[in-house]
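Working notes, structure below.
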Amino acid sequence: MCIAALVLQATGAFASGPHISFTRLAAPPHDLAPAKSIAVVYAIGDSQKITKFVEDFVEYVDRSGTMRVENAVEDNQHLSNFDNAAMKRLRHEHPADAYVGVSLFTCDGAERSAEGSERDVDGSRVRRVHHWVDASCLARLDIRSDTGKRLYSLTAHGEGTSPRGASLSAEEKDVAYDQAARYAALNAADMITPRVVRETIELDDSAPSFDEGMSMIRSERLDDARAIWEVTLRQHRDSAPLYYNLGALCEAIGDLPAAHRYLQSAVRLLPTEHRYRQELQLLQRRNTRK
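Read in order, the letters of the sequence shown are residues 158 to 447 in the numbering used here.
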């Protein structure tokens, strides 16, 4: 799904010709659509970092801007089943399209050491043993429907490392576990939230009225560029380059059905042009939900 047209350029340092660039939303590995809101309702684990994991997970999902998320763990810390009574209360107090629970959260770590060199107070290089902690956290999330039915589970991992030094304080060791919990939360959020992807499509400057449309693109007036090229198309129904450019432009605008039709026409009119066929395949691949 295209979400915005950003930087639109005729030429660039890394481009060999006129291009159009835009961003789109790529579906995540575990797409919760059509859910627009979720609530995290329970968290079970054997590590104190579970609180940080939940807080960071909620923050990262919220930061994506693609769905509303609520941290309702504290209100439901003893939630053990999803019977009718429990679901009635849950939906009343924390209405959401889907519910998330952390059914497992655990962290592990090990202290490491290695000899290295550093300079002493006199500037002389000396050999010293450095210590650090490597930590990892694992979280299993249950995804449930708005009726409480478990749909599936997903597992996220995160790793962290403490600062290195001749000795480590408890606070420095804790840095490794904080990092591991945070990256586990980030990975879990990435599994259910779309990501913004930037795309660039090279245009065909051999098409009629190319300069007129391109001037509109440079000014980020995409609808005007489309209007110019569609008017031109009435007199040039046999122009494969024009169909191709319209296909690229329509994808940038977000009109995917029109983009598909135009690119299909470009391929039909000029089947030997590898670029047209490739762009049609990329359009289909980019916008097919897995």
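We put the beta carbon where it would ideally sit given N, CA and C, even for glycine.
Per-residue DSSP class, three states only, for residue i
i	result
Ala216	Strictly speaking, residue 216 in this sequence is Glu, with Ala absent from that position. It is helical.
Ser372	helix
Arg321	coil
Gly315	strand
Asp380	helix
Arg391	coil
Asp127	Because the chain spans 158 through 447 in this model, residue 127 falls outside it and cannot be assessed.
Leu426	helix
Asp412	coil
Ala364	coil
Asn402	helix
Asn444	coil
His431	helix
Closest by C-alpha distance to residue i, when choosing among the options
i	options	result
Gly285	Ala397, Glu272, Met373, Thr223	Before going further, note that residue 285 is Arg rather than Gly in the sequence given. Nearest option by C-alpha distance: Glu272.
Asp303	Tyr340, Arg181, Ala190	Ala190
Glu359	Glu436, His251, Leu343	Glu436
Ala229	Asn241, Ala255, Ala242, Ser221	Ala255
Thr263	Ala200, Cys407, Gly305	Ala200
Glu231	His249, Ser204, Ala196	Ala196
Arg307	Gly258, Leu343, Ala296	Gly258
His187	Met373, Asp203, Ala345	Ala345
His176	Arg355, Gly322, Ala327, Lys245	Arg355
Tyr309	Glu328, Ala292, Tyr334, Met348	Met348
Ala253	Arg301, His288, Arg276, Val353	Arg301
Val218	Tyr334, Pro351, Leu439	Pro351
Leu343	Pro185, Asp291, Gly174	Pro185
Sequence-distant residues of the same chain with beta carbon closer than 7 Å to residue i, five excluded per side
i	result
Leu399	Ala364, Pro365, Trp386, Thr389, Leu390, His393
Ala423	Ala397, Tyr400, Tyr401, Gly404, Tyr433
Leu427	Ala397, Tyr433
Asp361	Pro398, Tyr401, Asn402
Identity of the residues DSSP links to residue i by a beta bridge
i	result
Cys294	Cys264, Gly315
Ile358	Ile177
Glu275	Val283
Val353	Leu182
Trp127	The structure shown does not extend to residue 127, since the chain is modelled only from 158 through 447, so no value can be given for it.
Tyr309	Ile300
Val259	Ala200, Leu298
Chain-order list of residues whose beta-carbon lies under 6 Å from that of residue i (same chain, five-residue window excluded)
i	result
Lys209	Ala338
Thr312	Arg297
Gly370	Ala382, Ile385, Trp386
Ala161	Annotation note: pLDDT 40 at Ala161 (below 50); position unreliable, no value reported.
Pro332	For the record, residue 332 in the displayed sequence is Val; it is not Pro. Excluding sequence neighbours, Val332 sits near Ser319.
Asp299	Gly258, Ser260, Arg307, Ser310
Ala415	Cys407
8 Å Cβ shell around residue i - same chain, five flanking residues per side excluded
i	result
Asp380	Ile410
Leu261	Ile201, Gly202, Leu295, Ala296, Arg297
Val283	Ser274, Glu275, Arg276, Asp277
Please go through the stretch 176-257 and give each complete beta strand (DSSP E) segment of 3 or more residues, from N-terminal end onward.
Runs of the beta strand (DSSP E) inside the stretch 176-257: 176-183, 194-200, 225-228.
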